[in-house]
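Protein chains in written order, with our numbering: chain A, 21 to 288; chain B, 73 to 430.
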């Protein structure tokens with residue numbers, strides 16, 4: 021009887037320990053990475069963004085920080101983002117690899133700051149593409165939607181990073197193929213070729229065509245030019261601005277603490 | 073200001089103003105400058121535009137003829153009205169043009185005698201074989217056509233042709249442009265130089281054939297060209313024996329427009345070929361005058377083959393000298409749509425590779 025009681029307490033304490041350990045272990049891997057200082061996100065939105073960030077951190081070993089501020093206190097947006105990242109000790113490995121997305125509600129600007137291997141994963145091309153995609157949500161006032169879009173993009177970029185196919189100006193991101201349009205184009209080409217060849221066959225059925233020229237009946241060497249002048253009249257010059265060629269790779273700068281960052285931003 | 077002529081800018085159409093410091097006409101709108109010489113030439117072109125072309129053919133209504141032929145027979149088709157002549161021994165059982173057997177034969181005299189003739193070089197057998205060859209490679213020909221269709225009638229006919237000689241006197245101007253493209257760091261530049269190109273001169277044509285028979289389809293008679301003129305000889309009625317001849321019913325004068333058209337097109341082509349070194353050349357004014365025009369009445373050998381297929385007549389003409397076969401074959405509708413859909417489907421199937429792989 022006593023033995024049984026002992027076993028029961030052991031089991032109970034084991035269960036208790038396990039139930040206590042579960043939240044502890046979960047808490048240790050749950051990074052708080054959404055800082056809504058501007059107060060533009062609901063608690064639910066913050067929770068859901070945080071959940072996605074934690075999944076990506078676990079999967080890719082890149083830190084992700086989302087920050088909204090009511091104003092930059094007169095600081096440059098790039099410096100603000102870089103310093104926030106450095107001063108709060110974000111970044112996972114010895115290179116502090118990661119990316120920070122900053123929304124400034126005062127000037128309606130956004131900035132993406134990258135650090136460590138994040139600089140490699142987010143090329144200048146990748147940053148400007150991500151900025152365009154996200155800012156279209158932000159300018160509609162859908163801040164949570166914009167940040168979710170950013171996380172979808174970071175997911176793509178980190179996957180590409182590990183596949184060694186980082187998106188860059190010489191390896192642009194391909195939107196999903198539109199097969200309906202492609203099939204219609206293929207059908208149109210097929211019909212043009214089919215009609216063309218068949219009409220060629222049809223034209224072979226009748227070779228009784230009138231002659232429009234008398235080239236066969238030219239007297240040999242009978243062409244004599246008595247007046248041959250090529251007079252210059254005027255010139256027209258048009259100039260068209262060249263399309264700027266995008267450089268590939270990632271440009272970097274140093275933050276006030278001396279850490280190397282990449283990044284780029286824009287307004288919404 | 074006694075000069076009231078106002079010049080228009082050839083570039084933008086604005087009014088040109090005389091600039092005494094530059095000693096040039098200057099356009100205030102597009103900043104182009106023109107010398108007096110350039111403007112004189114341009115205004116001369118404007119006047120040229122209104123000049124009428126002259127086509128001087130020394131051709132009488134009846135055309136040249138080498139006298140008359142006596143003791144001839146004319147065979148008149150009661151169905152289509154076609155007239156065919158032969159020598160006094162000729163027998164016509166069917167109309168050369170429509171295949172109708174109702175032929176009225178009369179003796180006539182005083183048929184205009186042609187100056188020259190190209191005698192038949194190929195016989196009836198060759199014409200039959202040439203028609204079989206003509207069917208080959210025609211993918212849209214109904215399967216039963218070659219089998220079911222039998223040659224009703226093959227006749228060797230001397231077809232009247234007018235051979236036109238002439239010199240063309242042309243004055244043609246062109247708008248021509250040279251294009252240069254270059255770039256610096258920020259811009260791509262395109263410089264287009266505009267030129268006024270003038271070409272004037274003479275070109276000669278000889279023996280352009282135009283058939284003088286209204287019964288013979290013009291496109292058929294055009295298409296059996298060319299004939300080899302080296303075998304052309306003085307006409308003699310002996311050549312007619314065993315063959316028919318078509319009496320011309322379109323005289324030389326009426327045939328001139330067809331010759332003019334060909335002279336004009338070929339003169340334009342020959343002169344345009346002398347304008348070289350430009351990216352784009354478009355004729356601005358064209359003046360072609362024909363001089364020393366002359367027409368000769370000749371007869372050329374043509375085998376006429378008439379066939380019937382499913383109640384419809386099909387005519388073919390073969391150059392009796394070179395063997396060139398001309399005609400229009402029926403198209404099998406089923407084959408036409410079959411090929412169209414089949415080829416399209418095949419291309420569409422291959423295109424799936426591109427749709428999914430690229």
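Ideal placement from N, C-alpha and C gives every residue a C-beta, glycine not left out.
Span of the beta strand (DSSP E) holding residue 248 of chain A? As a working mapping, residue 248 of chain A is identified with position 228 in the first chain. It spans 244 to 261 - the beta strand (DSSP E) in which residue 248 of chain A sits, taken as one unbroken run.
Give me the DSSP bridge partner(s) of residue 244 of chain B. Taking the second chain and counting its residues from 1, the one referred to as residue 244 of chain B is at position 172. In the DSSP output, where bridge partners are listed per residue, residue 244 of chain B has B:271 and B:358.
Between B:162, B:159 and B:170, which has its C-alpha nearest residue 152 of chain B's C-alpha? As a working mapping, residue 152 of chain B is identified with position 80 in the second chain. Ranking the options by Cα distance to residue 152 of chain B, first place goes to B:170.
Does the distance from the C-beta atom of residue 418 of chain B to that of residue 206 of chain A stay below 8 Å? Counting from one through the second chain, the residue named residue 418 of chain B turns up at place 346. Counting from one through the first chain, the residue named residue 206 of chain A turns up at place 186. Their beta carbons are not under 8 Å apart, which means residue 418 of chain B does not touch residue 206 of chain A by this criterion.
Quick check: the Cα distance between residue 94 of chain B and residue 79 of chain B, rounded to an integer number of angstroms? Along the second chain, read from residue 1 onward, the residue named residue 94 of chain B stands at position 22. Along the second chain, read from residue 1 onward, the residue named residue 79 of chain B stands at position 7. So the alpha carbons of these two residues sit roughly 17 Å apart.
Terminal residues of the alpha helix (DSSP H) in which residue 400 of chain B lies: One-based indexing of the second chain puts residue 400 of chain B at position 328. Looking at the DSSP string, residue 400 of chain B is not in any alpha helix (DSSP H), and its letter there is neither H nor E.
Where do the ends of the alpha helix (DSSP H) carrying residue 221 of chain A lie? Counting from 1 along the first chain, the entry for residue 221 of chain A is found at position 201. 199 to 224 is the span of the alpha helix (DSSP H), which, as asked, contains residue 221 of chain A.
For the segment 212 to 238 of chain A, list every residue whose C-beta sits within 7 Å of some C-beta in chain B, in sequence order. 213, 214, 215, 217, 218, 221, 222, 224, 225, 226, 227, 228, 229, 230, 231, 232, 233, 234, 235, 236, 237 and 238
Flag residue 47 of chain A as yes if its beta-carbon sits less than 8 Å from any beta-carbon of chain B, otherwise no. The count along the first chain starts at 1 and reaches residue 47 of chain A at position 27. Any reading at residue 47 of chain A needs caution, since the residue's pLDDT is 40, under 50, leaving its predicted position unreliable; the model's value is listed next. It does not; no Cβ of chain B falls within 8 Å.
Contact residues within the segment 73 to 99 of chain A, judged by C-beta distance below 8 Å to chain B: none
If we define contact as Cβ-Cβ less than 8 Å, is residue 416 of chain B a contact residue for chain A? For the purposes of this step, residue 416 of chain B is identified with residue 344 of the second chain, where counting begins at 1. With 8 Å as the cut-off, residue 416 of chain B counts as an interface residue toward chain A.
Taking 8 Å as the threshold (beta carbon to beta carbon), is residue 83 of chain B in contact with chain A? Residue numbering aside, residue 83 of chain B sits at position 11 when the second chain is read from its first letter. Yes, because at least one Cβ of chain A sits closer than 8 Å to the Cβ of residue 83 of chain B.
Assigned exposure category for residue 257 of chain A - 16 Cβ within 10 Å defines buried: For the purposes of this step, residue 257 of chain A is taken as the residue at position 237 of the first chain. That one is exposed.
Taking 8 Å as the CB-CB limit, is residue 89 of chain B close to chain A? For the purposes of this step, residue 89 of chain B is identified with residue 17 of the second chain, where counting begins at 1. Not closer than 8 Å to any Cβ of chain A, the Cβ of residue 89 of chain B fails to qualify, so no.
Could you tell me whether any Cβ in chain A is nearer than 8 Å to the Cβ of residue 265 of chain B? The residue given as residue 265 of chain B occupies position 193 in the second chain. Closer than 8 Å: yes.
At what residues does the alpha helix (DSSP H) containing residue 84 of chain A begin and finish? Taking the first chain and counting its residues from 1, one reaches residue 84 of chain A at position 64. Where residue 84 of chain A is concerned, there is no enclosing alpha helix (DSSP H), although the beta strand (DSSP E) it sits in stretches over 83 to 89.
Could you tell me if residue 282 of chain A is buried or exposed, where buried requires 16 or more neighbouring beta carbons within 10 angstroms of its beta carbon? One-based indexing of the first chain puts residue 282 of chain A at position 262. Classification of residue 282 of chain A: buried, given that the 10 Å Cβ count is 16 or more.
Out of B:411, B:97 and B:99, which has the shortest C-alpha to C-alpha gap to residue 215 of chain A? The residue labelled residue 215 of chain A in the question sits at position 195 within the first chain. With distances taken between Cα atoms, residue 215 of chain A lies closest to B:411.
Can you check which of these residues, A:60, A:134 and A:109, is closest to residue 123 of chain A by C-alpha distance? Start at 1 with the first residue of the first chain, and residue 123 of chain A comes out as number 103. With distances taken between Cα atoms, residue 123 of chain A lies closest to A:60.
Could one say the Cβ of residue 385 of chain B lies closer than 8 Å to chain A's Cβ atoms, at least one of them? Within the second chain, numbered from 1, the residue matching residue 385 of chain B stands at position 313. With 8 Å as the cut-off, residue 385 of chain B does not count as an interface residue toward chain A.
I need the DSSP call for residue 44 of chain B, collapsed to helix, strand or coil. There is simply no residue 44 of chain B to check, as chain B begins at 73 and stops at 430 in what is shown.
Would residue 105 of chain A and residue 92 of chain A be called neighbours here (beta carbons separated by less than 8 Å)? Within the first chain, residue 105 of chain A is the residue found at index 85, counting from 1. Within the first chain, residue 92 of chain A is the residue found at index 72, counting from 1. Not a contact, by the Cβ cut-off of 8 Å.
Ignore the nearest five residues each way along the sequence and tell me which others in residue 261 of chain B's own chain have a CB closer than 6 Å to its CB. Start at 1 with the first residue of the second chain, and residue 261 of chain B comes out as number 189. Counting only Cβ-Cβ distances below 6 Å, and skipping sequence neighbours, we find 254.
Report the residue from A:193, A:263, A:168 and A:209 whose alpha carbon sits nearest the alpha carbon of residue 64 of chain A. The count along the first chain starts at 1 and reaches residue 64 of chain A at position 44. If we check each option's Cα against that of residue 64 of chain A, A:168 comes out closest.
Is residue 108 of chain A helix, strand or coil when you go by DSSP? What you label residue 108 of chain A is simply residue 88 of the first chain in a count that begins at 1. It is coil, neither helix nor strand.
Contact check, residue 231 of chain B vs residue 285 of chain B, beta carbons under 8 Å: On the second chain, residue 231 of chain B is found 159 positions in, with the first residue counted as 1. On the second chain, residue 285 of chain B is found 213 positions in, with the first residue counted as 1. Going by C-beta atoms, residue 231 of chain B is nearer than 8 Å to residue 285 of chain B.
Does residue 135 of chain B have its Cβ less than 8 Å from a Cβ in chain A? Within the second chain, numbered from 1, the residue matching residue 135 of chain B stands at position 63. Unreliable positioning characterises residue 135 of chain B in this predicted model, as indicated by a pLDDT of 46, which lies under 50. A coordinate reading is not provided.
Beta bridge counterpart(s) of residue 97 of chain B as assigned by DSSP: Start at 1 with the first residue of the second chain, and residue 97 of chain B comes out as number 25. Answer by DSSP bridge pairing, in chain order: B:90 and B:106.
Could you tell me whether any Cβ in chain A is nearer than 8 Å to the Cβ of residue 169 of chain B? Position 97 of the second chain holds residue 169 of chain B. Judged by the 8 Å Cβ criterion, residue 169 of chain B is not in contact with chain A.
What does residue 190 of chain A touch in chain B if you count any residue whose Cβ is under 7 Å from its own? Taking the first chain and counting its residues from 1, one reaches residue 190 of chain A at position 170. The premise fails here: residue 190 of chain A is roughly 18 Å from chain B at the closest Cβ pair, so nothing lies under 7 Å.
Excluding the 5 residues preceding and the 5 following residue 86 of chain B in the sequence, name in chain order all residues of the same chain whose CB lies nearer than 6 Å to its CB. Translated into positions along the second chain, residue 86 of chain B becomes position 14. Result list for residue 86 of chain B: 99 and 101, in chain order.
Taking 8 Å as the threshold (C-beta atoms), are residue 273 of chain B and residue 242 of chain B in contact? Position 170 of the second chain, counted from the start, is the residue given in the question as residue 242 of chain B. Position 201 of the second chain, counted from the start, is the residue given in the question as residue 273 of chain B. Yes, these two residues count as a Cβ contact at 8 Å.
Excluding the 5 residues flanking residue 267 of chain B on each side, which residues of the same chain have their C-beta closer than 6 Å to its C-beta? Reading the second chain from its first residue, position 195 is the one you call residue 267 of chain B. The answer, listed in chain order, is 248.
Would residue 260 of chain A count as contacting chain B if we go by Cβ distances under 8 Å? As a working note, residue 260 of chain A is residue 240 in the first chain. Residue 260 of chain A counts as touching chain B.
Can you find the residues in the same chain that come closer than 6 Å, C-beta to C-beta, to residue 165 of chain B, ignoring five residues on each side of it along the sequence? Stepping through the second chain from its first residue, residue 165 of chain B is reached at position 93. Excluding residues within five positions, none has a Cβ falling inside 6 Å.
Per the contact definition of three or more C-beta pairs closer than 8 Å, is the segment 284 to 304 of chain B in contact with the segment 314 to 330 of chain B? yes
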